[in-house]
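To start, the structure under review is shown below, and the notes come after it.
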Amino acid sequence: MSKIKHYETMFILKPTLTEEETVAQIENIRAIIEKNGGEIAAFENVGIKELAYEIEKCKRGYYYVIYFRGNPSGIAEIERNYRINENLIRFIFIKYDSKKEVASWTKMSEEAAKKASK
25 MSKIKHYETM FILKPTLTEE ETVAQIENIR AIIEKNGGEI AAFENVGIKE LAYEIEKCKR
85 GYYYVIYFRG NPSGIAEIER NYRINENLIR FIFIKYDSKK EVASWTKMSE EAAKKASK
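Going by the numbering used here, the first residue of the sequence shown is number 25, and it counts up by one from there.
Rendered as structure tokens:
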């Protein structure tokens, strides 16, 4: 069995989604992460932002960040699900390996959790 790693995923949803559709997309993404062995530590809604360049005729997007722990083997399946989701216009995964990186991940996830609880 693989060792549990610390990850951060940032994704951008299309700005044309309604509030209900956005909530459904986020719940779907959380379910995919958990189904593939991920344990979500924090979730952050960064808000709607201008994109650096137009993507799929969108000039803005809803930015979200999820901090989670999981098996490296589950990341490929999560990424596959991201790729087939037509409402996701961009995404990235960041893996935190060293003790210094994990400490940074812990601090960022705690700050995101505090923001979410307000």
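We treat Cβ as the ideally placed atom computed from N, Cα and C, and that holds for glycine.
**Prompt:** Applying the criterion that 16 or more other CB atoms from any shown protein chain within 10 Å of the CB defines a buried residue, is residue 77 buried or exposed?
**Reply:** Mapped onto the sequence shown, residue 77 falls at position 53. Exposed, since its Cβ has fewer than 16 Cβ neighbours within 10 Å.
**Message:** With DSSP as the reference, identify every bridge partner of residue 103, one or two as the case may be.
**Reply:** In the sequence shown, counting from the first residue as 1, residue 103 sits at position 79. Its beta-bridge partners do not exist; DSSP assigns none.
**Request:** Work out the CA separation of residue 36 and residue 86 for me, nearest whole Å.
**Result:** On the sequence shown, position 62 is the one that residue 86 refers to. On the sequence shown, position 12 is the one that residue 36 refers to. When rounded, the distance between both Cα atoms is 5 angstroms.
**Proximal residues to residue 118 (C-beta, below 6 angstroms), its chain only, five neighbours per side dropped** = As a first step, residue 118 is located in the sequence shown; it is residue number 94 there, counting from the start. Taken in chain order, the residues that qualify are 32.
**Prompt:** Between the Cα of residue 107 and the Cα atoms of 29, 97, 133, 53, which residue gives the shortest distance?
**Reply:** In the sequence shown, residue 107 corresponds to position 83, counting from 1. Cα-wise, what sits closest to residue 107 is 53.
**Item:** From 110, 133, 135, 121, residue whose alpha carbon lies closest to that of residue 38
**Value:** For the purposes of this step, residue 38 is identified with residue 14 of the sequence shown, where counting begins at 1. The shortest C-alpha separation from residue 38 is found at 110.
**Prompt:** Which residues does DSSP pair with residue 66 in a beta bridge?
**Reply:** Stepping through the sequence shown from its first residue, residue 66 is reached at position 42. According to DSSP, which records beta bridges pairwise, residue 66 is partnered with 91.
**Asked** Straight-line CA distance for residue 69 to residue 84?
**Response** The residue labelled residue 69 in the question sits at position 45 within the sequence shown. The residue labelled residue 84 in the question sits at position 60 within the sequence shown. The straight-line gap from Cα to Cα measures roughly 15 angstroms.
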